[in-house]
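All remarks here apply to the structure that follows.
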Amino acid sequence: MISSPHGLGALSSPSSASPTLASIPADSVSADSPSYVDSPMLEVASSSSSPAGLQLMVDLSSYQLPQVSSVPPSSPASPPARSSHPINLRPRQPKTANLAASTVATSTSTQVLHSLSSEPFAFSDADQYAVWHNAMCDEIAALRSNCTWSLVLFHSSMNVVGSRWVYRIKCRVDGSIERYKVRLVARGFTQQEGIDYSETFSPVIKQATVRLVFFIVVSGN
Amino acid sequence: MKQPPDFVASSLPSHVCRLHKSLYGLKQAPKAWYTHLSDFFLSIGFRASKVDTSLFILSDGTNIFYLLVYVDDILLTGSNSAMLHHLIQLLSSEFKLRDLGVVHYFLGIEVQSTGMGLMLRQHKYILDILTRAGMTSCKPVDTPVSPSKVILLPDHSFSDPTRFHQIMGALQYLTFTRPDICFAVNRVCQFIHAPTNSHWAAVKHILCYLKGTTSYGFHITRGSSFALHGFTDAEWAGSIDDRKSTGGYLVFFGQTPISWKSGKQRTVARSSTEAEYKALADGTAEVIWLQYLLTDLQVPSVSAPTIWCDNLGATYLSANPIFHARTKHVEVDYHFVRDRVAKKEIQICFVPSRDQLADVFTKPLPVASFTAFRFKLRVDPPPSA
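In the order they appear, the protein sequences are chains A and B. Under the numbering used here, think of the first position of the first sequence as 74, with each following residue one higher. Under the numbering used here, think of the first position of the second sequence as 7, with each following residue one higher.
This is the structure in structure tokens:
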């Protein structure tokens, strides 16, 4: 199993950055829900400032958004937001692009360069970089302004689906990078028909209709 | 939903998100999107087509506008450019959208204007498929299916079924602009559940054919005739495995092919007439659907559509209640077609096999006749080349 250099960097950092890691009760650390761990970690971290990059906590009402823009993208002392991710490292095969990155990129500068041209697969990879982090903050802000969800207490009868981030680099026709697009997607494959949803439908036009409309457009101008 | 990683509300870490709106990835997300979209279109005066739910029509007596939806790709066209502009503004007030101007790329299909009309092609898509299959430097062949090769021999199963599925999926989408490979693709798709090496060889044959015809596109030319006519054909007991027949149809509107299909019939036919009759019923259903669509699009149909069939027995059957003893078991198809003929909604005529354009959807053909058929299917290289 090859883990990316970002992951390795994060693994080594907590020893110097936060002794609080050890204080996390083991039972709260589950592979599927690293998010529950992140929050207390962040609060602790914000009180003890890390030496390299200053951690500014911005409170968007109920969300804790660590601002990374002031932090060099891959400084050796990782911000505390990252220090929780060793727990997060699941044995997952990275994409070939990331695989190449882990073998080729040795110095920090090449890592930064690489981050701007490849799409990360996992949250722990992407969160290292300011562009992706800012994109995620923007996306969360957009979801909040749309009132996409409200927080409710968990009840055992609920079928809670997971979510993950999807990272895409949008390019212009000439190959230059247009923007870093981030989307939060729900992992809908655990939903059950009849319980979580009743009907599905996708608006897909029939091929014959497209051809017919084109023909009418051509013939009737 | 669980709270997204690293964006957990600090005060309520063990809460979960109750979604008020759909997120990408949920099973109900596409339907929610469609409902939202169609509600808006209906509110600004469009009406949904009854036969294709992704088509919306706006008509105010003199002008008419069509709106095609493919999830989040929208194509809007109309007869009045000022009002068209107004509609785009209306849409952008509700949705965040990019106006791509005059269409030259829709659903991965390149739309080019030629002197005579439009050419639709998937040039880049073909190159992508060839790259994905590692076939960029293969030797081109003249037809997508070799008439001499049989692909159904018992064989070792293909080592990488996922790759097989991916290529086949891509080829199926390619039939959007390439009716010439429709039969070849459908024939291999029948084995998609358990591909063998000989099936993969057949796929490679299709790719070699595409290699030689990457720049070819589907031509839509300005037509003077606005009549529907269709061709139906069947290859009786063409499948060696189960002796089911292969049926196909091709429907023209004026001089342009609009709809086509090639496929193995669901039941075994006991005579060639029966197989032809089933194909005829499928073709009739398609022609009727297209008629409804034309009514929705407010294009007046001039006369009852004609369906050409190269089996005399089948044409007689559609007109007269004869031979009933031998066709008892195809009763549904039989009544379906005969009803339409009796009401003069369609007419069925005989066409000699050499002029039967649906032939190319039912059997492998030698090079000369395949090329002739391809020309009639309006699949040609771009005019300048």
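Each residue gets a CB set at the ideal place from its N, CA and C atoms; glycine is no exception.
1. Taking 8 Å as the threshold, find out whether the region 272-291 of chain B comes into contact with the region 202-217 of chain B through three or more Cβ pairs.
2. Per DSSP, which one or two residues make a beta bridge with B/P263?
3. May I ask you to report which of helix, strand or coil DSSP gives B/A208?
4. Skipping 5 residues on each side, what residues in its chain have a beta carbon closer than 8 Å to that of B/H21?
5. List, in chain order, every chain A residue whose beta-carbon is nearer than 8 Å to that of B/D345.
6. Using beta carbons (cut-off 7 Å, strictly below), is B/Y76 in contact with chain A?
7. Got a sec: which bits of the region 245-267 of chain A sit with their beta carbon under 7 Å from any beta carbon on chain B, in order along the chain?
8. I'd like to check one pair, B/A139 with B/L213: are the Cβ atoms closer than 7 Å?
9. With a floor of 4 residues, list each alpha helix (DSSP H) that falls wholly inside the region 211-268 of chain A, ordered by position along the chain.
10. Given that B/G226 touches chain A, what residues does it touch there, using C-beta distances under 8 Å?
11. Using the Cα positions of B/H225 and B/A240, report the straight-line distance between them to the nearest angstrom.
12. Mind pulling the chain A residues with CB within less than 8 Å of B/M7?
13. Counting only Cβ pairs nearer than 9 Å, list the residues of chain B close to A/I213.
14. Is the beta carbon of A/R252 closer than 7 Å to that of A/K243?
15. List the endpoints of the continuous alpha helix (DSSP H) containing B/D239.
16. How long is the line joining the alpha carbons of B/C188 and B/L25, rounded to whole angstroms?
17. What does the Cβ neighbour count give for B/K350, buried or exposed, with the cut at 16 atoms within 10 Å?
18. With a 10 Å radius around its C-beta and 16 neighbouring C-beta atoms as the bar for buried, classify B/L43 as buried or exposed.
19. Could you tell me which residues DSSP pairs with B/E116 in its beta bridges?
20. Hey, is B/I135's beta-carbon within less than 7 Å of any beta-carbon in chain A?
21. Look up B/S65 in the DSSP assignment and give the residues it is bridged to.
22. Give me the chain A residues within the contact set of B/D58, using Cβ-Cβ distance strictly less than 8 Å, ordered along the chain.
23. Please report how far the alpha carbon of A/S197 lies from the alpha carbon of B/T68, in whole angstroms.
24. Can you give me the start and stop residues for the beta strand (DSSP E) that B/I352 sits inside?
25. Could you check the C-alpha separation between B/D302 and B/P185 for me, to the nearest Å?
26. At a CB-CB cut-off below 7 Å, which residues of chain B make contact with A/V225?
27. Between B/I198 and B/L64, what straight-line distance do the alpha-carbon atoms span, to the nearest angstrom?
28. Which of helix, strand or coil does DSSP assign to A/H187?
29. Do the region 242-253 of chain B and the region 225-234 of chain B make contact, defined as three or more Cβ pairs closer than 8 Å?
30. Would B/F182 pass as an interface residue toward chain A - the criterion being a Cβ-Cβ separation below 7 Å?
Per the coordinate set shown:
1. The region 272-291 of chain B makes no contact with the region 202-217 of chain B; the number of CB pairs closer than 8 Å stays below 3.
2. B/F258
3. Annotated three-state conformation of B/A208 is helix, per DSSP.
4. Answer for B/H21: Q9, A15, listed in chain order.
5. Correct list: empty, because the minimum Cβ distance to chain A is about 23 Å.
6. yes
7. Going along the region 245-267 of chain A in chain order, one finds R256, L257, V258, A259, R260, G261, Q264 with a Cβ nearer than 7 Å to chain B.
8. yes
9. none
10. It is Ile, not Gly, that sits at residue 226 of chain B in the sequence shown. Here the neighbours are R284, F287, F288, V291.
11. 26 Å
12. W222, V233, V234, G235, S236, A259
13. P10, F13
14. yes
15. Unbroken run through B/D239 is the beta strand (DSSP E), 234-241; no alpha helix (DSSP H).
16. 43 Å
17. exposed
18. Label assigned to B/L43: buried.
19. B/Y111, B/R127
20. Chain A contact via Cβ: absent.
21. B/I70
22. I278, K279, T282
23. C-alpha separation (whole angstroms): 58 Å.
24. Careful: B/I352 lies outside any beta strand (DSSP E) and carries neither H nor E.
25. 25 Å
26. Counting only Cβ-Cβ distances below 7 Å, A/V225 has contacts in chain B at H21, V22, R24, in chain order.
27. 42 Å
28. Low confidence applies here, because A/H187 scores a pLDDT of 47, under 50, leaving its location unreliable and the question unanswered by this model.
29. no
30. yes
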